[in-house]
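Heads up: the structure comes next, in structure tokens.
There are 2 protein chains.
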Amino acid sequence: MSIDGQLPPKARLLRAAAELLAKSGGAPVSTRQITKLAEVTAPTLYHHFGDKEGLFDAVVAAGFEEYVAGERDFAPSGQPLEDIRRMWDNHVQFGLNQPELYLVMFGNIRPESRPAIVADAEGLMEEMLNKAAAAGQINVPPREAARSILAANVGVTLMLIAEPATERNLELSTLTRDAMIFAVSTDQAPGAGADSGRSSVVVAAIALNAALQASNPDQLSSSELKLFLEWLHRISSSNT
Amino acid sequence: MSIDGQLPPKARLLRAAAELLAKSGGAPVSTRQITKLAEVTAPTLYHHFGDKEGLFDAVVAAGFEEYVAGERDFAPSGQPLEDIRRMWDNHVQFGLNQPELYLVMFGNIRPESRPAIVADAEGLMEEMLNKAAAAGQINVPPREAARSILAANVGVTLMLIAEPATERNLELSTLTRDAMIFAVSTDQAPGAGADSGRSSVVVAAIALNAALQASNPDQLSSSELKLFLEWLHRISSSNT
DNA sequence: CTAGCACCTATAGCGTTGCTATATGAACTG
DNA sequence: CAGTTCATATAGCAACGCTATAGGTGCTAG
Numbered sequence: 090m091s092i093d094g095q096l097p098p099k100a101r102l103l104r105a106a107a108e109l110l111a112k113s114g115g116a117p118v119s120t121r122q123i124t125k126l127a128e129v130t131a132p133t134l135y136h137h138f139g140d141k142e143g144l145f146d147a148v149v150a151a152g153f154e155e156y157v158a159g160e161r162d163f164a165p166s167g168q169p170l171e172d173i174r175r176m177w178d179n180h181v182q183f184g185l186n187q188p189e190l191y192l193v194m195f196g197n198i199r200p201e202s203r204p205a206i207v208a209d210a211e212g213l214m215e216e217m218l219n220k221a222a223a224a225g226q227i228n229v230p231p232r233e234a235a236r237s238i239l240a241a242n243v244g245v246t247l248m249l250i251a252e253p254a255t256e257r258n259l260e261l262s263t264l265t266r267d268a269m270i271f272a273v274s275t276d277q278a279p280g281a282g283a284d285s286g287r288s289s290v291v292v293a294a295i296a297l298n299a300a301l302q303a304s305n306p307d308q309l310s311s312s313e314l315k316l317f318l319e320w321l322h323r324i325s326s327s328n329t
Numbered sequence: 090m091s092i093d094g095q096l097p098p099k100a101r102l103l104r105a106a107a108e109l110l111a112k113s114g115g116a117p118v119s120t121r122q123i124t125k126l127a128e129v130t131a132p133t134l135y136h137h138f139g140d141k142e143g144l145f146d147a148v149v150a151a152g153f154e155e156y157v158a159g160e161r162d163f164a165p166s167g168q169p170l171e172d173i174r175r176m177w178d179n180h181v182q183f184g185l186n187q188p189e190l191y192l193v194m195f196g197n198i199r200p201e202s203r204p205a206i207v208a209d210a211e212g213l214m215e216e217m218l219n220k221a222a223a224a225g226q227i228n229v230p231p232r233e234a235a236r237s238i239l240a241a242n243v244g245v246t247l248m249l250i251a252e253p254a255t256e257r258n259l260e261l262s263t264l265t266r267d268a269m270i271f272a273v274s275t276d277q278a279p280g281a282g283a284d285s286g287r288s289s290v291v292v293a294a295i296a297l298n299a300a301l302q303a304s305n306p307d308q309l310s311s312s313e314l315k316l317f318l319e320w321l322h323r324i325s326s327s328n329t
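Chains as they are written, first to last, in the numbering used here: chain A, 90 to 329; chain B, 90 to 329.
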């Protein structure tokens, strides 16, 4: 029930914080609990981490490593959309496995201040969507698609966490997941919906844009390329 | 800067709490601030509301009335899916207009304990989806569809709130909204597009070129387009 | 070997938090 | 008028995040 006394105080604080955060069941964790478990006094905490949030950030950073590792560890199946599916599922699973940590990472939102974690997660998702875009499987700019999918992913995970564990129905996740992926993918026939106007021009422009990000061609000078990309963006951002 | 002294203490507490919550910009609001603004002492608060959370719940209940009123106030257009769109937009707008209240209502999540508000919002959404289902426009059970859409709606709203107001891009909302609605609606056909993953800058450029031949975009002027096509040709003619 | 210095940790305590035991006043009820 | 109930106030507790200050430790320089 205590922390290995051999470790340096900083590491003991990190472990104690992580342990209490994991076991607290969502209840707030006090610095006094942490320092007591770490067998350390208050100023030590503030010396190493500045304040409570600094300590939590450090814990989150560790948790994020774990999260990112999970998001990267499966072999890229060669089917980007399938990889995005697994990314989604991994995200949800991470949230359900470590709800308190997840809430600190994605749930502790304040207006006008986005935690860095969210931006990183966005980048991760965007990276994957770039591959899909390069393969012409996406009909929306990768950045927007990534933000959209991630927002839905977070929303679903939060909703699942808020539910009693016995009632949790992962169908909510798969349904929403496939809905989002389906909606941004080109792998659909033009229905009568508003998306039908999203012509193949836009799709091709998005794909080319993504491909160019991966490898700059030497057929254009840098100034030409700059203007070229601008026009490309203008085309791929059109909504009609 | 103070609360109408004519009102009974209970109402004054409610107003003070709402006012401080709205102005706090996400920072925690203390009971002492509230009671001071309401010109009342601490026990009065606890006599009427039990505890701080009880007071906030009461504030939220009032906010929820406003929210529900907004969700109901537009005439049912006869097109359930269109109504759901407006419901979504109204939800987002409510969140952006009163971010602090919204965060108390939808963001203050703890594991295994779902705020009643969420259940109510779910019911509202489900109600609307029932109409869509009755019209044969839904290919998913209304309850699941409602939960799924609401989860995405909340996720998007939270993400928008977390962003600096200047960077907020409502396209994220409309994109996700239409994606979700499109995915649960019957108004779609199974896809046939099978452009496999063998893409590159050249392939994408060729595809874009072909697409542009079919329909010229109006985002570029004719002179821009001419140069654009020339560069495109240069890229797609390369051998790499 | 010692002086000095930077680093790390502890003692003690400040100001604020949510909340309450107790008491007092007012208003209705028998 | 006595009794009860409701509503508010006085005063204060325990816990919170945090810090001013000081003391101990290990290093390097002379």
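Glycine included, every Cβ here is placed at the ideal spot set by N, Cα and C. Note that this is a predicted model, so its numbers are computed, not measured.
What residues match up with SER274 of chain A in a beta bridge as DSSP calls it? Residue numbering aside, residue 274 of chain A sits at position 185 when the first sequence is read from its first letter. For SER274 of chain A, which the question treats as bridged, DSSP gives the partners A:ILE227.
Is it buried or exposed for VAL368 of chain B, if we count other Cβ within 10 angstroms and need 16 for buried? Because chain B here runs from 90 to 329, residue 368 of chain B falls outside it and cannot be looked at.
Closest to TYR156 of chain B by C-alpha separation, out of B:ASP140, B:HIS136, B:ASP178 and B:SER310, would be which residue? Locating residue 156 of chain B in the second sequence gives position 67, counting from the first residue. Comparing Cα-Cα distances from TYR156 of chain B to each of B:ASP140, B:HIS136, B:ASP178 and B:SER310, the minimum goes to B:ASP178.
Going along the chain, which residues of its own chain have a beta-carbon closer than 6 Å to the beta-carbon of ASN219 of chain B, five neighbours each way excluded? Looking up residue 219 of chain B in the second sequence gives position 130. Within the same chain, PRO231 come within 6 Å of ASN219 of chain B by CB-CB distance, once the 5 residues on both sides are set aside.
Roughly how many whole angstroms lie between the Cα atoms of VAL148 of chain B and ALA234 of chain B? As a working note, residue 148 of chain B is residue 59 in the second sequence. As a working note, residue 234 of chain B is residue 145 in the second sequence. Going from the Cα of VAL148 of chain B to the Cα of ALA234 of chain B covers about 29 Å.
Which of the residues in the region 195-227 of chain B, read from start to end, lie with their CB under 8 Å from any CB of chain A? GLY196, ILE198, ARG199, PRO200, GLU201, SER202, ARG203, PRO204 and VAL207
Going by C-alpha to C-alpha distance, which of A:ASN197, A:ALA222, A:ALA116 and A:THR133 sits closest to GLN168 of chain A? On the first sequence, position 79 is the one that residue 168 of chain A refers to. Closest by alpha carbon: A:ALA222.
Quick check: does the Cβ of LEU185 of chain A come within less than 6 Å of any heavy atom belonging to the ligand FAD? By its list of ligands, the structure shown contains no ligand whatsoever, and the ligand FAD lies outside what it can speak to.
For a test of the three-state rule: what should DSSP assign to ARG203 of chain B, helix, strand or coil? By 1-based counting over the second sequence, the position of residue 203 of chain B is 114. In this structure, ARG203 of chain B counts as coil in the three-state DSSP scheme.
Quick check: what's the CA-CA separation for ALA150 of chain B versus HIS137 of chain A? For this step, residue 150 of chain B is matched to residue 61 along the second sequence. For this step, residue 137 of chain A is matched to residue 48 along the first sequence. Going by the C-alpha atoms only, they are around 42 Å apart.
On the criterion of 16 or more Cβ atoms from any shown chain inside 10 Å, does PRO97 of chain A qualify as buried, or is it exposed? The residue given as residue 97 of chain A occupies position 8 in the first sequence. Flag for PRO97 of chain A reads exposed.
Cα-Cα separation, GLU154 of chain A to PRO253 of chain A: Position 65 of the first sequence, counted from the first residue, corresponds to residue 154 of chain A. Position 164 of the first sequence, counted from the first residue, corresponds to residue 253 of chain A. Whole-angstrom Cα-Cα distance: 28 Å.
Could you check where the alpha helix (DSSP H) with ILE49 of chain B kicks off and where it finishes? In this structure chain B extends from 90 to 329, so residue 49 of chain B is not present and cannot be described.
Just to confirm, are MET217 of chain A and ILE173 of chain A a CB contact at a threshold of 7 Å? Within the first sequence, residue 217 of chain A is the residue found at index 128, counting from 1. Within the first sequence, residue 173 of chain A is the residue found at index 84, counting from 1. Against a cut-off of 7 Å, the Cβ pair of ILE173 of chain A and MET217 of chain A comes out as a contact.
Helix or strand or just coil, what does DSSP make of ASN258 of chain B? For this step, residue 258 of chain B is matched to residue 169 along the second sequence. Correct three-state label for ASN258 of chain B: coil.
ASN140 of chain A, DSSP secondary structure in three states: The residue given as residue 140 of chain A occupies position 51 in the first sequence. Before going further, note that residue 140 of chain A is Asp rather than Asn in the sequence given. Looking at ASP140 of chain A - three-state DSSP - the assignment turns out to be coil, as it is neither helix nor strand.
How far does the alpha helix (DSSP H) with THR367 of chain A in it extend, from its first residue to its last? Because chain A is modelled from 90 through 329, residue 367 of chain A falls outside the range shown and cannot be assessed.
Would you call ASN258 of chain A buried or exposed, if buried means 16 or more other Cβ atoms sit within 10 Å of its Cβ? The residue given as residue 258 of chain A occupies position 169 in the first sequence. Exposed, by the Cβ-count rule.
Could you say which of A:GLY114, A:GLY139 and A:LEU144 lies nearest to ILE123 of chain A if we only look at CA atoms? Counting from 1 along the first sequence, the entry for residue 123 of chain A is found at position 34. Ranking A:GLY114, A:GLY139 and A:LEU144 by Cα distance to ILE123 of chain A puts A:LEU144 first.
Beta-carbon gap between THR265 of chain B and ALA241 of chain B smaller than 7 Å: Sequence index remark: in the second sequence, residue 265 of chain B carries index 176 (1-based). Sequence index remark: in the second sequence, residue 241 of chain B carries index 152 (1-based). Yes, these two residues count as a Cβ contact at 7 Å.
For chain A, check one thing: does any of its Cβ atoms lie closer than 7 Å to the Cβ of SER237 of chain B? Here residue 237 of chain B corresponds to residue number 148 of the second sequence, with the count starting at 1. For SER237 of chain B, at least one C-beta of chain A is nearer than 7 Å to its own C-beta.
Could you tell me whether any Cβ in chain B is nearer than 7 Å to the Cβ of GLU252 of chain A? The residue given as residue 252 of chain A occupies position 163 in the first sequence. Closer than 7 Å: yes.
Once DSSP output is grouped into helix, strand and coil, what is the label at ALA268 of chain A? In the first sequence, the residue the question calls residue 268 of chain A occupies position 179. It is helical.
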